[in-house]
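Residue numbers (my numbering), protein chains in the order written: chain A, 89 to 215; chain B, 89 to 215. Heads up, the beta-carbon is just placed ideally off N, CA and C, and yes, glycines get one too. In this text the structure is predicted, and so the values were computed from the model without any measurement.
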């Protein structure tokens with residue numbers, strides 16, 4: 089098919105590769121667990137990411153972590169609430185909190201997560 | 089706040105309760121694991137649900153399982169690909185396959201799953 093494409097061609101095939109970065113241009117390889125919660129009135133939502141020993145923290149190439157960037161075919165979502173976790177003084181993981189302030193934000197986030205989950209072998213299971 | 093509400097009031101609070109049923113009117117209490125996959129060109133998607141010892145199969149009140157109904161504030165999604173699993177002749181679980189044929193279907197399903205996940209303590213983790 090040579091028609092107009094909705095997806096960019098990447099090394100992963102025709103799906104645009106939904107990805108997470110801690111420094112622009114460098115994909116994080118470690119796939120996080122993600123917990124979801126939402127206010128009872130449906131207004132505010134929150135996702136808590138935990139990356140165990142991510143490349144951004146323990147990789148050979150030091151990264152200056154400026155935020156967590158969630159990138160997909162629609163664009164980019166950003167969180168600045170990024171915290172490194174240490175155990176006995178050693179780097180252990182990164183926790184990121186992403187806050188959503190509206191139904192629109194939540195739906196947009198779920199579109200990203202659906203793509204990211206599928207691309208990275210995440211499923212839904214009991215937190 | 090006494091303004092116009094977007095959500096129905098239910099016993100769970102102001103969020104409309106996203107739920108799964110195997111027989112109309114009877115909520116399934118057991119929360120499944122869900123695996124996601126998608127064709128490389130982004131067209132077809134698939135979700136595989138596994139319910140361990142669900143009420144619909146092993147509960148005290150027999151249910152005639154007519155499909156899996158995923159119900160939320162937007163309406164209802166249905167799968168008819170529902171299979172009971174038996175181990176040594178005893179009921180063990182229910183596996184359900186839900187097929188999506190378009191980007192629209194996938195996004196709609198992710199909106200349901202986001203609501204269901206949040207309401208039932210599901211998060212994203214490695215399948």
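Got a sec, what are the start and stop residues for the beta strand (DSSP E) residue i sits in?
i, result
"residue 119 of chain B", "Here residue 119 of chain B belongs to no beta strand (DSSP E), and DSSP marks it neither H nor E."
"residue 183 of chain A", "178-188"
"residue 143 of chain B", "Where residue 143 of chain B is concerned, there is no enclosing beta strand (DSSP E), although the alpha helix (DSSP H) it sits in stretches over 143-146."
"residue 151 of chain A", "That residue, residue 151 of chain A, is in no beta strand (DSSP E); it is neither H nor E in DSSP."
"residue 140 of chain B", "133-140"
"residue 163 of chain B", "163-167"
"residue 107 of chain A", "107-111"
If you measure from the beta carbon of residue i to each beta carbon in chain B, is any gap under 8 Å?
i, result
"residue 215 of chain A", "yes"
"residue 132 of chain A", "no"
"residue 90 of chain A", "Interpretation of residue 90 of chain A is limited by its pLDDT of 39, a score under 50 that renders its predicted location unreliable; no figure is taken from the coordinates."
Kindly list, in the order they appear in chain A, the residues whose Cβ is closer than 8 Å to that of residue i.
i, result
"residue 205 of chain B", "124, 212"
Strictly below 7 Å CB to CB, what residues from chain A border residue i?
i, result
"residue 198 of chain B", "198, 199, 202"
Return the residue from the list the options that minimises the CA-CA distance to residue i.
i, options, result
"residue 115 of chain A", "A/212, A/175, A/142", "A/142"
"residue 122 of chain A", "A/128, A/105, A/133, A/190", "A/133"
"residue 169 of chain B", "B/200, B/190, B/157", "B/157"
"residue 186 of chain A", "A/138, A/106, A/147, A/112", "A/138"
"residue 181 of chain B", "B/144, B/112, B/127", "B/144"
"residue 147 of chain B", "B/117, B/206, B/203", "B/117"
"residue 178 of chain B", "B/198, B/127, B/140, B/203", "B/140"
"residue 184 of chain A", "A/202, A/119, A/206", "A/119"
"residue 110 of chain B", "B/197, B/189, B/166", "B/166"
"residue 189 of chain A", "A/207, A/128, A/105, A/112", "A/128"
"residue 112 of chain B", "B/199, B/164, B/125", "B/164"
"residue 108 of chain A", "A/161, A/126, A/173", "A/161"
"residue 126 of chain A", "A/174, A/159, A/197, A/206", "A/197"
"residue 203 of chain A", "B/199, B/203, B/172", "B/199"
Mind listing the chain A neighbours of residue i? Cutoff is C-beta to C-beta under 9 Å, in chain order.
i, result
"residue 121 of chain B", "211, 212, 213, 214"
"residue 195 of chain B", "195, 198, 199, 202"
At least one CB of chain A closer than 8 Å to the CB of residue i: is that the case?
i, result
"residue 117 of chain B", "no"
"residue 107 of chain B", "no"
"residue 101 of chain B", "Confidence is the limiting factor: at residue 101 of chain B the pLDDT is only 43, short of 50, which leaves the residue's position unreliable, though a coordinate-based value still follows. By this cut-off, residue 101 of chain B is an interface position."
"residue 180 of chain B", "no"
Could you please give the first and the last residue of the uninterrupted alpha helix (DSSP H) stretch that includes residue i?
i, result
"residue 201 of chain B", "191-208"
Is residue i near the ligand MG - that is, is its Cβ less than 7 Å away from at least one heavy atom of it?
i, result
"residue 157 of chain A", "The model depicted lacks the ligand MG and carries no ligand whatsoever."
Please confirm if residue i has its CB atom under 8 Å from at least one CB of chain C.
i, result
"residue 145 of chain A", "The structure shown contains no chain C; its protein chains are A and B."
Item to check | Three or more C-beta pairs below 8 Å linking the stretch 196-214 of chain A and the stretch 150-157 of chain A | outcome: no
Item to check | the stretch 124-133 of chain B in contact with the stretch 193-202 of chain B per 3-pair CB rule at 8 Å | outcome: yes
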